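Trainee:
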Ligand code: HXC
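Residue numbers (the numbering used here): 267 to 797.
Set out below in structure tokens:
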């Protein structure tokens, strides 16, 4: 009866208050830059910003904020322009039922360029993520600083960078590059934990091909300079490459499943159908291998991981060290492993940076580290020395020593010299240090050691044949003494020499024992500085 009366009465409210008006305003704002620009976006093989959010998040979970924000700038014709949402969509939603904050730049609106209101929207969503301890995911597709807004745009970037740093190591930050990302704009992704790119459509550079040509005379294409291949294999800026946008969002969702919501939580545990006592017979073959024979470390990781699943991070960069996530007994573990298939698994500058940053990220987010060691040493050479292998190599030592998360180390084969120490050895505070019976642990390999220890005897040989015979004899003696794990086990620098087939079980048991490990400083905030 009351409702009936209300319906018939003349509304005292102005027309702007009607629901229909709200719907019209929303519809207009959601249209982005209009059909022609959306079609142009599609023609480049790119999704619209809204489609991207749809693919990334759980169906129907997205809650948009600030849809009706628009620029207050008026210069250079902006006064007469329609700029829906100021070129960026922001809000929160879920990935596999867990909350995340998201922003997606809309290239169809002024090229996704960043003006003041655009930056304020991104900052608001970053603050929301930080305060509510959930990951933040940026979908970037932008011409960079909005030229018409001058220094306001630059200050907007500064506000974003500042928040990137304040949230570093507190909440996971993920950047997905889905178009251009140029100039200073590249430094927001660079400050985040993970960068994704899509083949063919993502580009990142501080200065584009034209400026490069003018400044240095070098001719290079967009792709050659800043495409996914360049950044995944050469610069190390990009962690994951996808073949298409749907493939990219599938990978982002998978990555989020390995991460905690923030540094105040642990990564999500899942029910594990893979028996923890599953034996790993392939590992017995390790001990029959010629010690000089290369193999891909992935074969070992796949064998020991739950359901043989390994999610590799930076797979194309510094392939001599492998980093990534797997689960063991249902718990998330970060793997750091030398890869003898590339540079014999030695540590060089790029491998050191890659491993150290990964270890620091694991430590920030309470994820245990499993280190698989097969390392002949640091990679030699003038280029490495002058490039700063001393400084870069030290980062691994720093990262392992400061890490308070559980640290389990398994020496599979070689562990020589400084690299033995660096790869989470016992005295760098590995919690459990295991070795296979075929492990070789020494200051250096037999050939090098004999040359130094017996240089005079070798020089005194009458001919080459005699030299070779003497070296072979001395190398065999040295190897008998040091090319085994037993001298190290006898000092307590190894906790156990294990049956190779039991490796998976030993690691899972160790992880379970260490699950409540607490060290002083474990609760301190640890930023994930780009190394
Ligand atoms: C304002 C921009 C813009 C920008 C693009 N647009 N970039 N508007 N500010 N920075 C607009 C265009 O005018 C155009 O508007 C629409 O976006 C699409 O751009 P197109 O050039 O037509 O697209 P495309 O051919 O695909 O080329 C994309 C592009 C190019 C490569 C990104 O637009 C470009 O070079 N833009 C400038 C890039 C740049 O130098 N940015 C500043 C970098 S310095 P209409 O109305 O025609 O659709 C920087 C400093 C940050 O970012 C510092 C932080 C510390």
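The C-beta atom is built at its ideal place from N, Cα and C for all residues, glycine as well.
From a predicted model like this one, the values you see are computed outputs, not experimental measurements.
Run the proximity test for residue 379: is its beta-carbon closer than 7 Å to any non-hydrogen atom belonging to ligand 1?
Mentor: Stepping through the chain shown from its first residue, residue 379 is reached at position 113. Yes, ligand 1 has a heavy atom inside 7 Å of this Cβ.
Trainee: Skipping 5 residues on each side, what residues in its chain have a beta carbon closer than 6 Å to that of residue 550?
Mentor: Stepping through the chain shown from its first residue, residue 550 is reached at position 284. Answer for residue 550: 766 and 767, listed in chain order.
Trainee: Just to check, is the beta-carbon of residue 521 closer than 7 Å to a non-hydrogen atom of ligand 1?
Mentor: Your numbering for residue 521 matches position 255 in the chain shown. No, ligand 1 has no heavy atom inside 7 Å of this Cβ.
Trainee: Looking at the structure shown, is residue 318 part of a helix, part of a strand, or coil, going by DSSP?
Mentor: As a working note, residue 318 is residue 52 in the chain shown. In the structure shown, residue 318 sits in a helix (DSSP, three-state: H, G or I).
Trainee: In whole angstroms, what separates the C-alpha of residue 781 from that of residue 497?
Mentor: Residue 781 sits at position 515 when you count from the first residue of the chain shown. Residue 497 sits at position 231 when you count from the first residue of the chain shown. Taking the straight line joining both Cα atoms gives about 36 Å.
Trainee: Is DSSP giving residue 469 helix, strand or coil here?
Mentor: The count along the chain shown starts at 1 and reaches residue 469 at position 203. Residue 469: strand per DSSP, three-state reduction.
Trainee: Using a Cβ-Cβ cutoff of less than 6 Å, which residues in the same chain neighbour residue 673 once the five nearest sequence positions on both sides are dropped?
Mentor: As a first step, residue 673 must be located in the chain shown, where it is residue number 407. Closer than 6 Å at the Cβ level, and outside the excluded window around residue 673, lie 635, 690, 696 and 697.
Trainee: With distances taken from CA atoms, which of 479, 763 and 485 is nearest residue 704?
Mentor: Within the chain shown, numbered from 1, the residue matching residue 704 stands at position 438. It is 763 whose Cα lies nearest to the Cα of residue 704.
Trainee: Hey, would you say residue 716 sits closer than 8 Å to residue 737, going by beta carbons?
Mentor: The sequence position of residue 716 within the chain shown is 450, counting from 1. The sequence position of residue 737 within the chain shown is 471, counting from 1. Cβ distance < 8 Å, so residue 716 and residue 737 count as in contact.
Trainee: Check whether the stretch 543 to 561 touches the stretch 621 to 636, taking contact to mean three or more Cβ pairs, one atom from each stretch, closer than 8 Å.
Mentor: These segments do not touch.
Trainee: Take the Cβ of residue 428 as the centre, count every other Cβ of all protein chains shown within 10 Å, and call the residue buried at 16 or more, exposed below.
Mentor: Stepping through the chain shown from its first residue, residue 428 is reached at position 162. Classification of residue 428: exposed, given that the 10 Å Cβ count is below 16.
Trainee: Relative to ligand 1, is the shortest distance from any of its heavy atoms to the C-beta of residue 423 smaller than 7 Å?
Mentor: Counted from its first residue, the chain shown places residue 423 at position 157. Flag set: Cβ of residue 423 near ligand 1.
Trainee: Can you tell me whether residue 649 is buried or exposed? The criterion is at least 16 other CB atoms within 10 Å of its CB, across all chains shown.
Mentor: Position 383 of the chain shown, counted from the start, is the residue given in the question as residue 649. Exposed, by the Cβ-count rule.
Trainee: Leaving out the 5 sequence neighbours to the left and right, which residues in its chain are closer than 6 Å to residue 776 when beta-carbon positions are compared?
Mentor: The residue you call residue 776 lines up with position 510 of the chain shown. 674 and 698, listed in sequence order.
Trainee: Here's a check: name, in chain order, each residue in its chain whose Cβ is nearer than 6 Å to the Cβ of residue 384, leaving out the five neighbours to either side.
Mentor: To locate residue 384, count along the chain shown from 1; it is residue 118. The answer, listed in chain order, is 352, 353 and 354.
Trainee: Taking residue 644 as part of the beta strand (DSSP E), name the residues at either end of that continuous run.
Mentor: Within the chain shown, the letter at position 378 stands for residue 644. Counting along the chain, residue 644 falls outside any beta strand (DSSP E), and DSSP gives it neither H nor E.
Trainee: Going by DSSP in three states, residue 797 sits in which element: helix, strand or coil?
Mentor: Indexing the chain shown from 1 puts residue 797 at position 531. Residue state, collapsed to three classes: coil.
Trainee: Buried or exposed, going by whether 16 or more other CB atoms sit within 10 Å of the CB of residue 491?
Mentor: Here residue 491 refers to the residue found at position 225 of the chain shown. When all chains shown are included, residue 491 counts as buried.
Trainee: Going along the chain, which residues of its own chain have a beta-carbon closer than 7 Å to the beta-carbon of residue 540, five neighbours each way excluded?
Mentor: If you number the chain shown from 1, residue 540 lands on position 274. Excluding residues within five positions, the ones whose Cβ falls inside 7 Å are 572 and 573.
Trainee: Mind pulling the alpha helix (DSSP H) runs of 4 or more residues that sit fully within the stretch 704 to 784?
Mentor: List check, alpha helix (DSSP H) in window: 712 to 719, 721 to 725, 730 to 748, 752 to 757 and 769 to 779.
Trainee: Is it true that the CB of residue 448 sits closer than 8 Å to the CB of residue 474?
Mentor: Along the chain shown, one-based indexing puts residue 474 at 208. Along the chain shown, one-based indexing puts residue 448 at 182. The answer is yes: Cβ separation under 8 Å.
Trainee: Should residue 722 and residue 544 be called a contact, given that it needs their Cβ atoms to be closer than 8 Å?
Mentor: Here residue 722 corresponds to residue number 456 of the chain shown, with the count starting at 1. Here residue 544 corresponds to residue number 278 of the chain shown, with the count starting at 1. No, the Cβ-Cβ distance between residue 722 and residue 544 is not below 8 Å.
Trainee: Relative to the alpha-carbon of residue 611, which residue among 348, 681 and 666 has its alpha-carbon at the smallest distance?
Mentor: On the chain shown, position 345 is the one that residue 611 refers to. If we check each option's Cα against that of residue 611, 681 comes out closest.
Trainee: With distance defined between alpha-carbon atoms, name the residue in 415, 534, 438 and 583 nearest to residue 505.
Mentor: In the chain shown, residue 505 corresponds to position 239, counting from 1. Comparing Cα-Cα distances from residue 505 to each of 415, 534, 438 and 583, the minimum goes to 583.
Trainee: How would you write the range of the beta strand (DSSP E) that residue 682 sits in, first residue to last?
Mentor: Indexing the chain shown from 1 puts residue 682 at position 416. From DSSP, the beta strand (DSSP E) with residue 682 extends over 673 to 682.
Trainee: Could you pull out every residue in the same chain whose Cβ sits closer than 7 Å to the Cβ of residue 464, ignoring the five residues on either side in sequence?
Mentor: The sequence position of residue 464 within the chain shown is 198, counting from 1. Taken in chain order, the residues that qualify are 444, 494, 508, 510, 511 and 514.
Trainee: With distance defined between alpha-carbon atoms, name the residue in 348, 577 and 451 nearest to residue 374.
Mentor: Here residue 374 is taken as the residue at index 108 of the chain shown, counted from 1. When each option's Cα is compared against that of residue 374, the closest is 348.
Trainee: I need the straight-line Cα distance from residue 267 to residue 285, nearest angstrom please.
Mentor: In the chain shown, residue 267 corresponds to position 1, counting from 1. In the chain shown, residue 285 corresponds to position 19, counting from 1. Annotation note: pLDDT 45 at residue 267 (below 50); position unreliable, coordinate value reported separately. Straight-line Cα distance between these residues: approximately 22 Å.
Trainee: Please confirm whether any heavy atom of ligand 1 lies closer than 7 Å to the CB of residue 683.
Mentor: As a first step, residue 683 must be located in the chain shown, where it is residue number 417. Checking the Cβ of residue 683 against ligand 1 gives no.
Trainee: Across which residues does DSSP place residue 589 in a beta bridge pair?
Mentor: In the chain shown, counting from the first residue as 1, residue 589 sits at position 323. In the DSSP output, where bridge partners are listed per residue, residue 589 has 579 and 602.
Trainee: Check the DSSP bridge columns for residue 547 and list the partner residues they point to.
Mentor: Locating residue 547 in the chain shown gives position 281, counting from the first residue. Partner(s): none; residue 547 has no beta bridge.
Trainee: Does the distance between the C-beta of residue 451 and the nearest non-hydrogen atom of ligand 1 fall short of 7 Å?
Mentor: In the chain shown, counting from the first residue as 1, residue 451 sits at position 185. Yes; taking the cut-off as 7 Å, the Cβ of residue 451 has a heavy atom of ligand 1 nearer than that.
Trainee: Just reading off the alpha helix (DSSP H) that residue 624 is part of, what are its end residues?
Mentor: One-based indexing of the chain shown puts residue 624 at position 358. Taken as a continuous stretch (DSSP letters only), the alpha helix (DSSP H) holding residue 624 covers 615 to 630.
Trainee: So, helix, strand or coil for residue 369, using DSSP?
Mentor: The residue you call residue 369 lines up with position 103 of the chain shown. In the structure shown, residue 369 sits in a strand (DSSP, three-state: E or B).
Trainee: On the premise that residue 778 lies in contact with residue 600, defined as a C-beta separation below 8 Å, what is that separation, rounded to the nearest angstrom?
Mentor: Against the chain shown, residue 600 aligns to sequence position 334. Against the chain shown, residue 778 aligns to sequence position 512. Incorrect: roughly 17 Å between the Cβ atoms, too far for contact.
Trainee: Let's test the definition: count the other Cβ atoms within 10 Å of the Cβ of residue 642 and tell me whether it reaches 16, buried, or not, exposed.
Mentor: In the chain shown, residue 642 corresponds to position 376, counting from 1. Classification for residue 642: buried.
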